[in-house]
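Sequence lines, in order, name chains H and E. The numbering used here numbers the first residue of the first sequence as 2 and each following residue consecutively. The numbering used here numbers the first residue of the second sequence as 230 and each following residue consecutively. Structure record follows, encoded as structure tokens.
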Amino acid sequence: MKNIFSTRWGIVCIGGIIGILASMLQYWGNPGNMGICVACFERDIAGAVGLHRASVVQYMRPEIIGFVLGALIAALSMKDFRPRSGSSPIARFVLGAFAMIGALVFLGCPWRAMLRLAGGDGNAIAGLLGLVFGIYVGTRFIKSGFNLGRAEKGYNSLGLIMPLVMVFFLILMLIYPQIPGQEKSGILFYSTQGPGAMHAPLLISLIAGLAVGFIAQRSRFCTMGAFRDLILFKQTHLFSGVIALILGAFVANLFLGQFNPGFMDQPVAQTSQIWNFLGMTLAGLAFALAGGCPGRQLFMSGEGDGDAAIFVFGMIVGAAFSHNFGLASSPAGIGPHGAVATILGLAVCMGIGFTMRKKLV
Amino acid sequence: MSEILDARGLSCPQPVLMTLEKIKQLGKGELTVRVDTQASRENVSRAVQKQGWTVEEIKEENDEFSLVVKKE
Numbered sequence: 002m003k004n005i006f007s008t009r010w011g012i013v014c015i016g017g018i019i020g021i022l023a024s025m026l027q028y029w030g031n032p033g034n035m036g037i038c039v040a041c042f043e044r045d046i047a048g049a050v051g052l053h054r055a056s057v058v059q060y061m062r063p064e065i066i067g068f069v070l071g072a073l074i075a076a077l078s079m080k081d082f083r084p085r086s087g088s089s090p091i092a093r094f095v096l097g098a099f100a101m102i103g104a105l106v107f108l109g110c111p112w113r114a115m116l117r118l119a120g121g122d123g124n125a126i127a128g129l130l131g132l133v134f135g136i137y138v139g140t141r142f143i144k145s146g147f148n149l150g151r152a153e154k155g156y157n158s159l160g161l162i163m164p165l166v167m168v169f170f171l172i173l174m175l176i177y178p179q180i181p182g183q184e185k186s187g188i189l190f191y192s193t194q195g196p197g198a199m200h201a202p203l204l205i206s207l208i209a210g211l212a213v214g215f216i217a218q219r220s221r222f223c224t225m226g227a228f229r230d231l232i233l234f235k236q237t238h239l240f241s242g243v244i245a246l247i248l249g250a251f252v253a254n255l256f257l258g259q260f261n262p263g264f265m266d267q268p269v270a271q272t273s274q275i276w277n278f279l280g281m282t283l284a285g286l287a288f289a290l291a292g293g294c295p296g297r298q299l300f301m302s303g304e305g306d307g308d309a310a311i312f313v314f315g316m317i318v319g320a321a322f323s324h325n326f327g328l329a330s331s332p333a334g335i336g337p338h339g340a341v342a343t344i345l346g347l348a349v350c351m352g353i354g355f356t357m358r359k360k361l362v
Numbered sequence: 230m231s232e233i234l235d236a237r238g239l240s241c242p243q244p245v246l247m248t249l250e251k252i253k254q255l256g257k258g259e260l261t262v263r264v265d266t267q268a269s270r271e272n273v274s275r276a277v278q279k280q281g282w283t284v285e286e287i288k289e290e291n292d293e294f295s296l297v298v299k300k301e
């Protein structure tokens with residue numbers, strides 16, 4: 002059966018829909034230029050379960066839950082559920098952690114970098130350039146034989162672990178719903194102010210997440226693969242999807258009055274361009290070595306990929322490190338140890354890139 | 230007898246990269262590429278067609294795909 006979602010027009014439509022939906026989510030309550038941000042939302046989840054205690058970024062984001070479960074539904078209904086794991090999980094965990102650390106120096110994953118651009122935030126330009134540079138460095142490693150080895154088929158229940166964790170998160174949210182003005186509900190933490198306090202209604206976030214998860218799983222939408230395939234194979238397939246995302250969000254932002262061009266006073270952004278660039282260089286390199294942007298890692302974890310799930314947990318732990326150790330930026334600037342962590346992360350990723358190479362053909 | 234390339238268990242972009250390297254070595258003829266995800270099946274098909282090869286046949290067995298690609 003032909004998969005219409007993975008045709009050229011399929012990926013363009015899906016990119017456009019995701020862009021419009023992201024803009025709508027912001028309209029419905031999500032933070033500025035953060036209708037969808039995988040890194041930020043996983044960071045908020047880390048806060049919701051108390052892995053870090055940055056009080057302004059604590060919320061069990063239903064979009065993330067929806068991404069995984071939507072991808073699971075798509076995979077199960079299209080016979081594409083393939084439980085697998087065993088491709089250097091510890092390296093993927095470390096890559097996930099440093100990808101998050103880099104993303105939180107910039108303040109956003111590739112998805113949000115594009116949404117920030119579509120919302121007029123000029124600081125996103127340095128971030129996107131850094132992302133592309135990081136992916137370029139990653140492709141040099143891939144070209145010279147870098148790979149994390151083969152995954153093996155696993156039990157069906159193995160592939161269901163990540164989706165079940167997400168179901169558990171959703172149940173926690175329903176048992177311990179947000180109480181207005183309170184930081185804690187049962188075992189979950191919530192923000193009373195800051196980005197963590199800004200969110201669309203639970204049901205809307207969840208449905209939007211499920212929809213994105215479904216179509217992204219079918220189309221293999223990937224914000225890192227877009228640039229990687231362009232650099233590595235001169236292939237514009239995924240790239241046309243991310244361009245459609247930026248345009249979709251841009252047009253929707255114009256209609257909703259959410260386009261505010263400039264560099265200063267942008268929502269959840271910092272203006273140190275060198276660190277915007279280097280933070281995203283680190284994230285881009287880590288995503289390229291791990292074979293997928295943070296969104297794609299969630300979608301793959303929903304279709305049974307245990308290695309992608311490990312990467313996601315690496316990101317969540319990385320978010321905890323970021324906020325516990327002063328690595329994450331804030332609108333006031335980069336964190337006290339953000340620069341050192343970025344350099345260390347680049348060194349570690351380069352080390353992984355240099356030392357894990359093998360000829361396969 | 231066509232050559233066989235085993236890209237099972239490898240994630241993007243390895244299967245595509247391996248296939249492109251192999252068809253470059255071969256120049257023309259027939260090659261069977263084995264992959265185990267739908268994403269790899271689609272990506273490899275797309276990549277070889279761009280190089281002027283055709284996908285003659287896709288066999289599915291035990292959740293795995295064998296793509297027979299050809300160039301005269």
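Ideal Cβ placement from N, Cα and C applies to all residues, glycine included. These numbers come from a predicted model, not from an experiment.
C-beta neighbour in chain H for residue i, strict 7 Å
i: Leu296/E; result: no
i: Ser269/E; result: no
i: Thr283/E; result: no
i: Ser231/E; result: no
i: Ser240/E; result: yes
i: Gln280/E; result: no
Any C-beta of chain E under 7 Å from that of residue i
i: Gly292/H; result: yes
i: Asp81/H; result: yes
i: Gly361/H; result: In the sequence under discussion, the amino acid at residue 361/H is Leu, which differs from the Gly named in the question. Answer yes: the Cβ-Cβ gap between Leu361/H and chain E drops below 7 Å somewhere.
i: Ser7/H; result: yes
Residue i, DSSP secondary structure in three states
i: Ile275/H; result: helix
i: Val297/E; result: strand
i: Glu43/H; result: helix
i: Arg62/H; result: coil
i: Glu304/H; result: coil
i: Leu260/E; result: strand
i: Asp230/H; result: helix
i: Val284/E; result: strand
i: Gly334/H; result: strand
i: Glu184/H; result: coil
i: Arg1/H; result: The displayed coordinates of chain H run from 2 to 362. Any statement about residue 1/H would go beyond what the structure contains.
i: Ser86/H; result: strand
i: Lys80/H; result: coil
i: Phe170/H; result: helix
i: Ile37/H; result: coil
i: Leu234/E; result: strand
i: Gly258/H; result: coil
i: Lys154/H; result: strand
i: Gly121/H; result: coil
i: Leu189/H; result: strand
i: Gly293/H; result: coil
Distance between beta carbons of residue j and residue i, contact taken as under 8 Å
i: His159/H; j: Pro84/H; result: What sits at residue 159/H in the sequence shown is Leu, not His. The pair is a contact, with the Cβ atoms about 5 Å apart (cut-off 8 Å).
i: Met316/H; j: Pro295/H; result: 6 Å
i: Arg237/E; j: Arg151/H; result: 7 Å
i: Asn277/H; j: Gly128/H; result: 5 Å
i: Pro90/H; j: Asp308/H; result: 6 Å
i: Ala329/H; j: Leu105/H; result: 4 Å
i: Phe264/H; j: Ala291/H; result: So it is not a contact: roughly 31 Å between Cβ atoms.
i: Lys251/E; j: Lys300/E; result: In fact, because the Cβ distance is near 12 Å, the residues do not count as touching under 8 Å.
i: Ala270/H; j: Asn124/H; result: 5 Å
i: Thr261/E; j: Ser231/E; result: 5 Å
i: Ser241/H; j: Val13/H; result: 5 Å
Contact list for residue i against chain B, beta-carbon separation under 7 Å
i: Arg263/E; result: Looking for chain B here will not work: the only protein chains present are H and E.
(request) Below 7 Å between beta carbons is the criterion; list the residues of the segment 208 to 229 of chain H that meet it against any residue of chain E, in chain order. (result) Within the segment 208 to 229 of chain H, the residues whose Cβ lies closer than 7 Å to some Cβ of chain E are Arg221, Gly226, Arg229, listed in chain order.
(message) Please list, in chain order, the residues of the segment 246 to 261 of chain E that have any C-beta partner in chain H closer than 8 Å.
(response) When CB distances to chain H are screened at a threshold of 8 Å, the residues of the segment 246 to 261 of chain E falling below it are Leu246, Met247, Leu249, Glu250, Lys251, Gln254, in chain order.
(message) Please list, in chain order, the residues of the segment 241 to 264 of chain H that have any C-beta partner in chain E closer than 7 Å.
(response) Under the 7 Å Cβ criterion, the segment 241 to 264 of chain H contributes no residue.
(message) Three or more C-beta pairs under 8 Å: does that hold for the segment 338 to 347 of chain H against the segment 115 to 129 of chain H?
(response) No, the segment 338 to 347 of chain H does not touch the segment 115 to 129 of chain H.
(message) Check whether the segment 57 to 76 of chain H and the segment 191 to 207 of chain H touch, using three or more Cβ-Cβ pairs below 8 Å as the test.
(response) In this structure the segment 57 to 76 of chain H lies against the segment 191 to 207 of chain H, because at least three pairs of beta carbons, one per stretch, are closer than 8 Å.
(request) Could you run through the segment 66 to 77 of chain H and flag, in chain order, every residue whose CB is less than 7 Å away from some CB of chain E? (result) Residues passing the 7 Å Cβ filter: none.
(message) Could you check whether the segment 90 to 106 of chain H touches the segment 161 to 168 of chain H, counting it as contact only if at least three pairs of C-beta atoms, one from each stretch, sit closer than 8 Å?
(response) Remark: fewer than three beta-carbon pairs, one from each stretch, lie closer than 8 Å, so the segment 90 to 106 of chain H and the segment 161 to 168 of chain H are not flagged as touching.
(message) For the segment 144 to 173 of chain H, list every residue whose C-beta sits within 9 Å of some C-beta in chain E, in sequence order.
(response) So the list reads Lys144, Asn148, Leu149, Gly150, Arg151, Ala152, Glu153, Lys154, given in the order they occur along the chain.
(request) Check each residue of the segment 9 to 42 of chain H: if its Cβ is closer than 9 Å to any Cβ of chain E, include it; give the result in chain order. (result) Listed by position along the chain: nothing, the set is empty.
(request) Answer yes if the segment 18 to 38 of chain H comes into contact with the segment 206 to 222 of chain H, meaning at least three C-beta pairs across the two stretches below 8 Å, and no otherwise. (result) Short answer: they touch.
(request) Report yes or no: do the segment 30 to 43 of chain H and the segment 169 to 178 of chain H share at least 3 C-beta pairs separated by less than 8 Å? (result) Judged by Cβ distances under 8 Å, the segment 30 to 43 of chain H makes no contact with the segment 169 to 178 of chain H, as fewer than three pairs qualify.
(request) Mind checking the segment 86 to 120 of chain H against chain E and listing, in chain order, the residues whose C-beta falls within less than 9 Å of any C-beta there? (result) Of all residues in the segment 86 to 120 of chain H, the ones placed with a Cβ closer than 9 Å to any Cβ belonging to chain E are Gly87, Ser88, in chain order.
(request) Using a Cβ-Cβ cut-off of less than 7 Å, give me the residues of the segment 306 to 324 of chain H that come near chain E, in sequence order. (result) Listed in sequence order: no entries.
(request) Inspect the CB distances between the segment 352 to 359 of chain H and the segment 133 to 149 of chain H and report whether three or more fall short of 8 Å. (result) Result yes; three or more Cβ-Cβ pairs closer than 8 Å.
(request) Report yes or no: do three or more beta-carbon pairs, one from the segment 130 to 145 of chain H and one from the segment 226 to 235 of chain H, lie closer than 8 Å? (result) The answer is yes - the segment 226 to 235 of chain H touches the segment 130 to 145 of chain H, with three or more Cβ pairs under 8 Å.
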